[in-house]
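Written out below as structure tokens is the structure these notes cover.
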């Protein structure tokens with residue numbers, strides 16, 4: 008079985024594992040206070056070109072989102088997201104479990120628009136019978152694999168600035184965003200645009216882990232208290248620091264992203280060749296082909312991929328994902344299989 | 008600098024890293040639904056001799072405790088712990104952050120007594136103006152490195168049974184408990200005694216991770232929802248499964264514990280040799296010597312160890328910790344240094 | 008200034024105040040355990056024709072909703088509401104503050120449809136990456152003053168029964184629902200249809216207070232613990248019991264509702280007379296006229312009423328509310344004023 | 008049956024009810040934004056001699072405490088109380104339910120000492136593995152009916168000032184504190200000493216209600232959001248304002264307290280006359296006689312009073328409470344009954 012189900016079907020890029028191995032028997036202090044975490048912070052600061060920020064490490068995306076949002080918001084404040092945002096739909100109410108409403112608006116190809124944010128603000132006014140919108144959450148790349156243009160984020164930021172909203176980016180797949188066709192946000196844009204953002208490793212070559220950067224230091228006070236309280240402070244923090252070092256040195260992070268994009272584009276061309284439509288244009292490493300049901304059934308004997316949504320009586324939307332680890336031959340086998348089925 | 012600060016100063020036992028490496032490029036499904044997590048569950052079930060339970064994997068101890076307690080208790084229910092219990096003192100209010108009071112009583116050498124539990128019950132009665140005590144939390148080994156005897160836990164269980172309380176064990180250092188002098192709880196005792204317990208890897212040879220076993224299946228329904236909501240469901244769950252396999256095969260887990268205990272006993276003998284008193288008898292891999300302040304200052308130039316508590320104007324209690332990774336020569340160097348200072 | 012802003016601009020029906028006065032110096036036990044609360048429970052049980060339920064008293068609607076929902080749901084469970092539902096929009100995230108997501112769908116004239124519920128269920132499936140929908144919340148009358156037909160609620164109940172959802176009614180204005188033109192749910196329907204419901208007094212003749220009836224006793228265990236924890240357990244519970252007795256004796260509750268409806272219909276006829284359109288048909292004591300902006304400005308010099316929503320460049324939707332207390336002459340003065348403005 | 012069980016066995020002082028009646032049919036805006044609430048605020052400001060504060064009204068004590076503490080603390084911050092503090096013991100974990108740990112130390116005759124506060128601070132240091140103590144809660148009068156001296160509160164304040172802690176007073180029975188023998192805190196002391204405090208009406212002549220005064224305005228921003236979210240914002244806020252006006256005009260509040268104290272002292276003299284010891288000296292309207300068990304049983308046929316605690320095999324501590332409403336003849340009948348039993 009060949010898996011196109013996600014970008015976390017394999018372990019880590021070998022360089023990452025090697026970093027763990029080489030330092031394995033060294034003794035360091037715990038809780039992200041070691042030299043490796045510090046070096047990782049420096050490398051990331053160089054990458055984004057910003058040196059006055061707070062950088063924390065997490066084991067996964069949901070714990071990153073819930074910890075930061077819990078820390079940044081007051082009890083009566085809410086976060087705005089589009090309806091497909093990860094915090095809105097796929098974190099089992101983690102944000103609400105810590106007390107905060109997620110205010111949603113319909114997505115536009117996976118994205119939140121400034122108009123949607125304004126409509127939330129208009130609805131809420133300054134009425135204490137409603138929650139107070141205080142943060143805007145976006146994922147980039149989005150849950151639909153799409154990307155914000157620099158201009159789009161600037162417009163969001165402009166709304167946030169005017170109304171005193173915190174702008175936060177979930178970059179679980181940021182490597183893929185960096186490498187995408189029609190490249191949009193670069194490393195150096197992040198500190199200019201966001202109060203805080205997290206850079207994903209789990210889906211971008213790391214074994215696991217995400218790195219949160221808080222640029223707006225007024226949101227960073229006592230952050231370690233919240234991190235510990237939410238259960239996210241790993242004893243051996245260095246494991247996370249070491250991974251990030253490995254990913255940032257020699258452009259490994261960017262290379263991982265580029266590989267994933269390259270394989271996704273190959274898949275995209277294959278779908279196009281057989282006139283298979285996609286739900287949204289393929290911008291990163293997630294593809295949403297609309298497959299005829301019988302075809303999907305036949306393919307599923309050899310390939311694993313995820314049902315995304317119903318489409319029609321005869322067709323269904325599926326999600327295919329490539330990653331840093333997708334081997335050339337997975338694409339080839341898929342291409343040949345499709346050929347064999349469709350042009351017997 | 009030689010670290011005796013904790014049992015998480017190094018990475019992982021090499022066998023654990025090797026397991027990650029060997030399987031690194033295999034593709035598996037995520038979220039603990041892979042073959043490795045399944046195999047790890049089977050191995051653990053064999054170890055404890057219980058096959059009808061629910062086994063879940065976590066990245067760390069605090070997230071394990073908060074997720075299980077959140078899942079098992081109703082909003083108005085509380086958990087009983089001794090005052091030194093990890094959930095009571097050193098998790099930054101993680102349990103309260105999810106809404107539950109931790110009811111404490113003074114510890115007896117790090118342990119919670121049945122009498123203490125009964126006193127909580129007596130105080131609370133069935134009065135809805137107070138929280139309802141519903142769970143008893145113990146750590147074994149305790150935060151003071153001490154161990155419950157089998158008889159002590161049976162007495163706790165007897166109180167829990169009579170009053171309908173859930174009995175839960177935090178086994179962050181269970182490997183050290185297994186190997187300790189005057190061995191107490193064995194693997195096979197766990198399912199007989201506890202509604203749920205977790206077995207630590209982070210401090211017992213693993214890179215990171217803890218494994219929760221819910222024996223009382225009435226507490227296991229829909230557990231994955233709570234796990235995801237609390238931010239503890241790792242995408243690449245197999246990383247945790249693989250580690251546990253490595254630790255359970257060939258008795259590696261027990262060997263890691265035995266090594267830590269062996270080194271702790273060596274340290275203990277050294278303290279005794281120089282008539283250095285300990286706060287509590289050394290039962291596992293944590294030692295609490297009461298050091299004269301000048302001696303501590305001199306030692307701290309070469310060795311890292313943690314201040315535990317004030318003792319007197321001239322003396323202070325420190326914590327020394329050994330682990331699976333403590334090399335023979337760390338003990339030797341320490342012994343020689345003490346000799347050089349005290350008998351110049 | 009004449010207020011049409013809400014149905015809580017006055018105190019209480021004089022009969023209610025008299026009940027407080029007459030018993031004022033009697034001594035009773037506290038916390039709803041007195042004879043008056045018991046008698047109120049009996050009267051309410053007679054009214055709804057159901058005698059095996061749990062009845063609790065609250066000071067207001069939000070605390071009622073948040074306490075019941077907190078008590079009935081597990082941490083990962085969510086409540087479904089239409090977007091205009093009080094818990095969704097106008098309780099400042101009270102439900103989320105206790106950890107639960109409110110899943111919304113667009114309202115149909117203030118109502119939640121079975122189709123909307125089904126769409127939530129379809130979206131969520133049994134996926135632990137999403138919250139688990141477990142309760143359906145409706146208000147009757149709705150926030151738009153509309154009413155569910157008996158048939159509509161039966162269809163909702165049928166969906167709830169099939170999928171194991173709790174069906175809960177917020178009856179803050181239930182008196183007005185009882186008296187409405189095209190009368191729909193009667194007292195006796197409530198136990199047949201709902202797992203729980205609350206009957207409002209604040210907006211229906213009482214000084215303040217709401218009464219929760221839990222018919223599904225599996226949701227009632229230990230309720231007083233949650234009630235106390237949420238801060239809703241009043242020391243002098245009898246104040247609430249006495250009010251309910253006064254309202255239920257001699258059909259005062261029904262009469263209060265009928266008076267409000269009568270005045271609303273008079274207002275409705277006045278709007279019709281002057282060809283003023285309404286956002287939704289007037290079914291109870293809330294009216295939503297779409298007023299020309301200049302007209303609204305002129306009226307607002309003499310009458311207080313609430314802006315509801317923008318409508319067009321020239322028109323705005325306002326809310327007018329009548330109550331048990333609305334005097335005949337308020338309607339007359341309003342009619343004359345409108346006449347004077349529009350037909351000078 | 009004569010009740011000495013609490014100070015909320017009757018309704019309200021007749022003057023309070025009269026105030027509700029006289030204004031009953033007036034129309035006012037809701038949610039504490041009416042003229043009566045404003046006038047009540049002014050009267051209270053005059054009483055305490057402080058005019059730059061935020062004053063909010065609540066239906067009861069628990070909702071007041073949980074709302075203020077929720078609003079003032081960050082998620083990782085905790086409140087310090089003595090073990091008998093109402094928030095620690097008798098609010099069913101309301102503070103924890105909103106995420107905050109209550110750090111307790113043993114009481115000294117119902118009071119929290121500066122030394123106890125310092126011991127909490129010493130234990131916690133600046134360690135993010137523990138919660139951050141940030142508020143000190145005291146009740147005055149205490150749950151044992153005792154009073155802080157002005158000097159004692161000043162010492163607490165001095166510790167709070169040095170360590171940046173918020174000092175908060177729960178004044179559920181403040182009227183009785185004002186009137187007590189050896190009078191301690193006066194109205195004018197409150198703004199000098201506390202960041203916030205609440206003045207109780209429920210137990211001091213009102214029908215129900217408590218008034219929170221936030222003197223430290225940095226803790227007052229957006230308070231109405233939290234008040235609404237916690238379910239404490241009453242629609243007819245004026246009911247609370249009107250009561251406070253009635254209590255503050257003509258010194259009614261002080262007179263209610265004085266009456267309760269007068270009756271308590273009569274009871275105290277009776278106990279002394281019969282050589283019945285008390286657990287703590289009677290300072291306000293709560294008495295804790297240590298009664299011989301047979302005597303208690305006999306008395307309980309005619310009088311209701313609450314068991315407080317076990318004392319010995321033959322004796323038990325009970326609580327007797329007087330109030331603004333205790334009639335002369337209740338004391339007489341009690342005195343005669345005791346005489347008849349003990350000196351037959």
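Residue numbers (the numbering used here), protein chains in the order written: chain A, 8 to 351; chain B, 8 to 351; chain C, 8 to 351; chain D, 8 to 351. For glycine and all other residues, C-beta sits at the position ideal for the given N, C-alpha and C. Predicted, not measured: the structure shown is a model, and the values here were computed from it.
On the CB-based measure, 16 or more other CB atoms within 10 Å of its CB, does residue i come out buried or exposed?
{"i": "residue 193/D", "result": "exposed"}
{"i": "residue 140/D", "result": "buried"}
{"i": "residue 32/A", "result": "exposed"}
{"i": "residue 228/C", "result": "exposed"}
{"i": "residue 260/A", "result": "buried"}
Can you tell me where the beta strand (DSSP E) with residue i in it begins and where it stops?
{"i": "residue 201/A", "result": "Counting along the chain, residue 201/A falls outside any beta strand (DSSP E), and DSSP gives it neither H nor E."}
{"i": "residue 145/A", "result": "139 to 146"}
{"i": "residue 54/B", "result": "Element bounds for residue 54/B: not the beta strand (DSSP E) but the alpha helix (DSSP H), 42 to 55."}
{"i": "residue 39/B", "result": "No beta strand (DSSP E) holds residue 39/B; DSSP gives it neither H nor E."}
{"i": "residue 316/B", "result": "313 to 317"}
{"i": "residue 260/C", "result": "That residue, residue 260/C, is in no beta strand (DSSP E); its alpha helix (DSSP H) goes 259 to 280."}
{"i": "residue 61/A", "result": "61 to 65"}
{"i": "residue 221/C", "result": "217 to 221"}
CB residue i to CB residue j, shorter than 8 Å?
{"i": "residue 230/C", "j": "residue 206/C", "result": "no"}
{"i": "residue 152/B", "j": "residue 294/B", "result": "yes"}
{"i": "residue 314/C", "j": "residue 14/C", "result": "no"}
{"i": "residue 219/D", "j": "residue 75/D", "result": "yes"}
Does residue i come out as helix, strand or coil in the three-state DSSP assignment?
{"i": "residue 160/B", "result": "helix"}
{"i": "residue 93/B", "result": "helix"}
{"i": "residue 175/C", "result": "strand"}
{"i": "residue 118/C", "result": "strand"}
{"i": "residue 103/A", "result": "helix"}
{"i": "residue 4/B", "result": "As displayed, chain B neither begins before 8 nor continues past 351, which places residue 4/B out of reach and without an answer."}
{"i": "residue 83/C", "result": "coil"}
{"i": "residue 180/D", "result": "coil"}
{"i": "residue 29/B", "result": "helix"}
{"i": "residue 21/D", "result": "helix"}
Which first and last residues belong to the alpha helix (DSSP H) in which residue i is found?
{"i": "residue 337/A", "result": "335 to 349"}
{"i": "residue 232/B", "result": "230 to 236"}
{"i": "residue 245/A", "result": "245 to 255"}
{"i": "residue 306/B", "result": "300 to 306"}
Which residues of chain E have a Cβ atom closer than 9 Å to the Cβ of residue i, listed in chain order?
{"i": "residue 21/A", "result": "Within the model displayed, chain E is absent; protein chains A, B, C and D are what it includes."}
Ordered along the chain, which non-local residues of its own chain (more than five positions away) have a Cβ less than 8 Å from that of residue i?
{"i": "residue 130/A", "result": "137"}
{"i": "residue 309/C", "result": "8, 9, 340, 344"}
{"i": "residue 84/D", "result": "107, 138, 139, 140, 141, 142"}
Within its chain, find whatever has a CB closer than 6 Å to the CB of residue i; leave out the 5 residues flanking it on each side and keep chain order.
{"i": "residue 68/D", "result": "179, 217"}
{"i": "residue 200/B", "result": "160, 164"}
Leaving out five residues before and five after residue i in sequence, what residues of the same chain have Cβ atoms less than 7 Å from its Cβ?
{"i": "residue 16/A", "result": "10"}
{"i": "residue 170/B", "result": "128"}
{"i": "residue 157/A", "result": "191, 192, 196"}
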